[in-house]
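Quick notes on the structure that follows.
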Amino acid sequence: MKKFFDNEILMAEIAGWLREGKTVTIPVKGNSMKPFLTDGRDRVTLCGCRAEELSPGDVVLAGVNDGGSTVLHRVVERRGTRLLLQGDANETTEETGLQEVLGKAVAMERKGRTYEVDGKVWRCYSAVWMKVLAGRRYRQKVHGMLAYLRQALGGHGRSVGLSCLTGVLSVGLSLLFIYFSKQAIDAATEGRAEELPLWAGVLVVNMLLQLACNAWDNWVAVRAQVGMGNGLRYRIFGHLLRSRWKELERFHTGDVMNRVAGDTATLTSLLTMTLPAFVILGIQLLAAFAFFYWLDARLVWLVVGILPFFLLGSRLYMKRMYGYASRIRRTDSRIQAVIQESLQQRNVVRALEIGRKRLHRLEGEQESLRMRLLKRTRFSIWTRACVSGAFSGGYLVAFCWGVWGLSDGSITFGTMAAFLQLVGKIQQPVWDMARLIPSLVEGMASVRRLRELESLPEEEAGSSLRLAETPDVDVEGIDFAYAPGDRPVFHNFSCRFPAGSRTAVMGETGAGKTTLVRLLLAFDKPQAGAIRLRTGKETVEVSARTRCNFTYVPQGNTLFSGTIRENLRMGNPEATGEEMCRALRTAVADFVFALPNGLDSFIGEQGSGLSEGQAQRIAIARALLRNSSILLLDEATSALDEETERILMENLERDYTDRTFIFVTHHAAVAERCGQVVKMKNEE
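The sequence shown maps to residues 6 to 689 in this note's numbering.
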């Protein structure tokens, strides 16, 4: 069956026919498949396909941007259940899931002539174009990496540039030292003794200038390194705090910490130390070559003849070292994750007596790291040995060349000494560059890892939208699933939380109670329906901008290390001592006044020094200080005894009648003191 369509309005019908196993021919829309297919002139025939049938090179009709648009693009890479798509005329790629693929192209109609995808013409064209697209992606990758490096430099580009200029000046002084020493040796061997004091003074001044340049270079580099490292960590940390909750959840906390700490340090070192060193060493190499050419051009051409082989070897070396660096960084992140999780959950580890298992897990990851480091070290030692052998041969060639020149009188003793010094000035940069390559490769791997973090989409930007009155909270027919294809958590779910009400949200485990809280806080969005805040004057849909109207108290210990006063002021930085005391009494946390230092008592990590119930009550007091009209308490009384919980509920009813309270709870006693109860079931 063949159908012809000119409008994307019928895309839903096309998808339905493809799912039924029918073949559909549609006109090409847009120019993404140029140069083979052109908008308004050519057509493509599609059929349905199974996920296992898709491979790089296939042309598919697929939804992208969460179903926001449909594209006819080529599959250029498959990553598990994700596909990387790119149009033949496009510079950038699109990512989609296997479930978003509507159909696969089986034939192309170009200028009225049909080409089957299994035919020679299309296969040859596809093979060529896959290479072209790979080149485009590589160019885009390099461009993106360079743009990121410029961004990472921030306002420290001048400092790095000054460091490079100082290094270049030092190189110039070192080459002048060789020239001056040549003149001094020639003066001594040719009987011009009256010139020796002059050349000696020039050499001393030159050495002092070199020392001054090196000291200034170190000072500038350290200033740039500290400033850039702080700025880079600040920017990445800020982006992570603004990023969408669901996207950040894909990364383990230990891995994120490893990137923020380790990868930022590596990138900072790359920009302030490694790359400037490469620039300076490169200039030194070229200047030494030029000096060599001035002394004897023949020897330089011999070295230049070896250069292509050196460049080829360097390319292979860089590729191999990049692979080692990427795998080592990933393993290092896993080690940090094991340590961080085990220390964070140390009481659970002790209670379950799994300390030995966690140690074995760490031992296994460390053994993997050790093997990869040793493999990289063996490769590095072997390549350095080859470079050292080549350097020794180069020095021997220069020495023999100089001896030959001395024997036939074509060079002086000063020139011979300059030869031997210049060999070092050429070999040392090459050797230092080889030593810097691992740092360069690690820096590039860190760039990729940091760009991955900074590519996480951010929440909606804009100023906070605080409502003047306590609003009604209306949940209107929402559908929600965490990922396409997952079991829906909500389907056409509705409920209402009137302004100033007390509502208990109860239900089975997995019924969606915590998910409802996340949607109210706009950590995620429903796929259908809406959640709105309504007052007598305005109605707004919940978003990151409306979060200021909510205060969230999750289950468990949520206190930060620091004093109790510092924790309370996280709810309201302007809170007075009287307001803090009032909130503590309402939250039944007046035990704080009996502590030796009162509000200034120190709390350790994860509330160390307090019981779970005490920590929960301080967290509730912190929430009460926040200037918001809706409080979400997600099992926030789970660690309280019945009497304390009863007093807390009475205090909230007495002191905060103008606020809306939503209690996610399993406690019937809490529900009994609420004006309404929302019961949730898994089948809903």
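Backbone N, C-alpha and C fix where the C-beta goes; we use that ideal spot for every residue, glycine too.
Enclosing beta strand (DSSP E) for residue i [first to last residue]
i	result
I667	665 to 669
A533	533 to 539
G108	106 to 115
E571	Looking at the DSSP string, E571 is not in any beta strand (DSSP E); the run it does join, the alpha helix (DSSP H), is 569 to 573.
Opposing strand residues paired with residue i [DSSP bridges]
i	result
S74	V69
Q681	T508
C553	Answer is none; C553 lacks a bridge partner.
Y120	M113
R501	D479
V545	L538
D639	V669
E463	S248
F495	F485
Spatial neighbours of residue i in its chain, beta-carbon cut-off 8 Å, leaving aside the 5 residues before and after
i	result
E543	L472
F565	E571, N572, M575, I608
R456	G149, M150, Y153
Q91	H78, R79, V81, T97, T98, E99, L138, R141, R142
R377	Y329, R332, I333, T336
S690	This structure does not reach residue 690, given that the chain is present from 6 up to 689, and the question cannot be answered.
L178	N211, L214, Q215, C218
D437	A282, L286
Residue burial classification, residue i (beta-carbon count within 10 angstroms, cutoff 16)
i	result
Q289	buried
I241	buried
Q104	exposed
S60	exposed
G310	With a pLDDT of 49 at G310, under the threshold of 50, the modelled position of that residue is not reliable, and the figure given next carries that caveat. Classification of G310: exposed, given that the 10 Å Cβ count is below 16.
K125	exposed
G680	exposed
R255	exposed
D605	exposed
I386	exposed
Y239	exposed
T514	exposed
L107	buried
V210	exposed
E18	exposed
S74	exposed
A488	exposed
A676	buried
L23	buried
N497	exposed
G614	exposed
H161	buried
D93	buried
L291	exposed
C129	exposed
P202	exposed
Limits of the alpha helix (DSSP H) - the one that residue i falls within
i	result
G561	Careful: G561 lies outside any alpha helix (DSSP H) and carries neither H nor E.
N223	201 to 247
L138	125 to 158
T693	An answer regarding residue 693 cannot be provided, because it is not within the stretch 6 to 689 covered by the chain.
T2	Past the edges of the chain, shown from 6 to 689, lies residue 2, and the structure says nothing about it.
D479	Careful: D479 lies outside any alpha helix (DSSP H), inside the beta strand (DSSP E) at 477 to 485.
E655	647 to 660
T277	First-last for T277: undefined, no H or E at that position.
V265	V265 -> no alpha helix (DSSP H), and no H or E assigned at all.
K518	518 to 525
Beta-carbon contacts of residue i that lie in its chain and below 7 Å, excluding the five residues immediately before and after
i	result
N95	S37
L589	D595, V597, A626
R631	T556, G576, N577
G234	T269, A270, T273
R247	E463, E464
G512	K518, K684, M685, K686
G172	D222, P281, I285
Own chain, CB closer than 6 Å to residue i, minus 5 neighbours either side, in chain order
i	result
A535	E481, E546
Q341	G259, N263
T642	E650
V510	K518, V669, V683
> Going along the chain, which unbroken runs of the alpha helix (DSSP H) with 4 or more residues stay wholly within the stretch 16 to 101?
Replying inline: 16 to 24
> Quick one: complete alpha helix (DSSP H) runs, 4+ long, within the stretch 591 to 640?
Replying inline: 617 to 630
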